[in-house]
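Data block below; observations after.
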Amino acid sequence: MADRDEPLIRLVWPGALALGLLGLIVGAALAALLAASPPLDLRALLDDAYLRRVVVFTIGQALVSTLLSVGLGLPVARALARRSRFPGRAPLL
594 MADRDEPLIR LVWPGALALG LLGLIVGAAL AALLAASPPL DLRALLDDAY
644 LRRVVVFTIG QALVSTLLSV GLGLPVARAL ARRSRFPGRA PLL
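Note that my numbering has the sequence shown beginning at 594, numbered continuously upward.
Okay, structure coming up:
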């Protein structure tokens with residue numbers, strides 16, 4: 594654990610630097626992708642029934658996956674947190 598006398602900035606700067614570099618790389622990739630793509634006709638995309646079904650399915654699938662993960666993960670995490678001793682606890686933590 595870090596000393597209490599050590600300034601917080603000395604503890605946080607490596608993570609902030611990594612986050613900044615990652616953001617710069619992702620931002621540059623997205624900017625290059627947008628620059629190379631043709632102009633977007635949003636009205637034509639919204640009028641296409643096939644694309645609308647694909648987007649609705651994708652959002653529904655993501656919602657169901659999230660609800661299942663959280664719905665199953667929270668009870669398991671709560672049960673494991675309430676037990677102080679069980680086989681495999683050390684490698685799990």
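Beta carbons: idealized from backbone N, C-alpha and C, even for Gly.
Nothing here was measured: the structure is a model prediction, and the numbers come from that model.
Return the Cβ separation of residue i and residue j in integer angstroms, given the expectation that the two are a contact with Cβ distance under 8 Å.
i	j	result
L644	L638	6 Å
Alpha carbon to alpha carbon, how far is residue j from residue i? Give it in angstroms, no decimals.
i	j	result
A624	L612	18 Å
G666	G608	27 Å
V647	Q654	10 Å
E599	A629	47 Å
L617	L626	14 Å
L656	V605	34 Å
R676	A670	10 Å
P684	P668	20 Å
I652	D641	17 Å
L660	V649	16 Å
S736	L610	Summary: the structure shown does not reach residue 736, with the chain confined to residues 594 through 686, and so no result is reported for it.
A622	I602	29 Å
P632	F679	58 Å
L615	V663	27 Å
G681	A672	14 Å
Can you give me the start and stop residues for the alpha helix (DSSP H) that residue i sits inside?
i	result
L639	L635 to D640
G616	L601 to A629
P684	R682 to L685
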